[in-house]
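Residue numbers (our numbering): 2 to 184. Beta carbons: idealized from backbone N, C-alpha and C, even for Gly. All values reported here derive from a predicted model rather than from experimental measurement. Take a look at the structure set out below.
Spelled out as structure tokens, the structure:
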């Protein structure tokens, strides 16, 4: 079984990884920069214990499946934010359950622990970033932007924009115009 290890950069890292795995009672076949090959499958409990020891040494097991799942969650949230959210009556939680085919509580917990932000806050962040780009382009009114991003009203959109950025969309637009006119 090949296990990828993050932050392995030198021969000392190879020695540290070998020692940690062997102290955990795991037979190591080979260790190279970036990975270790072990003889048998490892229980999740044992792997977690090894990973905790590796983290103390500045190293970490790369969970490829977890990384792929996080990317799939992000992509699905982006899809919802930019297209599905305004066209569908599906709630984000139902949309993610359907796209990823896992329990929403698990999806939410995994995402939050990995990204340090809730799915809902990540969705708001995406929408506000998109709104900022739309405001920079200066081609649409606030009502159009709010509708396009799936907000029920301009006041709701403006409130979230201000809460996220610290300024209202109108003030953001004016500030951008002022900066542009000064150049």
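Asked	Found
Candidates 6, 144, 111 and 93: closest to residue 53 by CA position	6
Residue closest to residue 177, alpha-carbon to alpha-carbon, out of 163, 146, 139 and 159	139
Reduced DSSP category for residue 36 - H, G, I as helix; E, B as strand; rest coil	strand
Continuous alpha helix (DSSP H) assignments of at least 4 residues falling wholly in the segment 104-155	105-116, 120-138 and 143-149
Exposure of residue 106, with buried meaning 16 or more beta-carbon neighbours within 10 Å	exposed
Residue interval of the beta strand (DSSP E) (run including residue 4)	3-7
DSSP three-state assignment for residue 17, whether helix, strand or coil	helix
Beta-ladder partner(s) of residue 61, from DSSP	7
Given residue 171 as reference, the closest of 111, 22, 144 and 148 once Cα atoms are compared	144
Expected contact under 8 angstroms - CB spacing of residue 1 and residue 4 to nearest Å	Residue 1 is absent from the model: the chain starts at 2 and stops at 184.
Sufficient close CB pairs (3 or more, under 8 angstroms) joining the segment 22-37 to the segment 68-83	no
For residue 31, the residue or residues it bridges with in DSSP	38
Integer Cβ distance of residue 55 from residue 63, believed to fall under 8 angstroms	Going by Cβ atoms, the distance from residue 55 to residue 63 rounds to 11 angstroms, so no, they are not a contact pair.
For residue 82 and residue 50, believed in contact at Cβ under 8 angstroms, the rounded distance	Not confirmed; about 38 angstroms, so no contact.
At least three beta-carbon pairs within less than 8 angstroms, the segment 143-163 to the segment 117-132	yes
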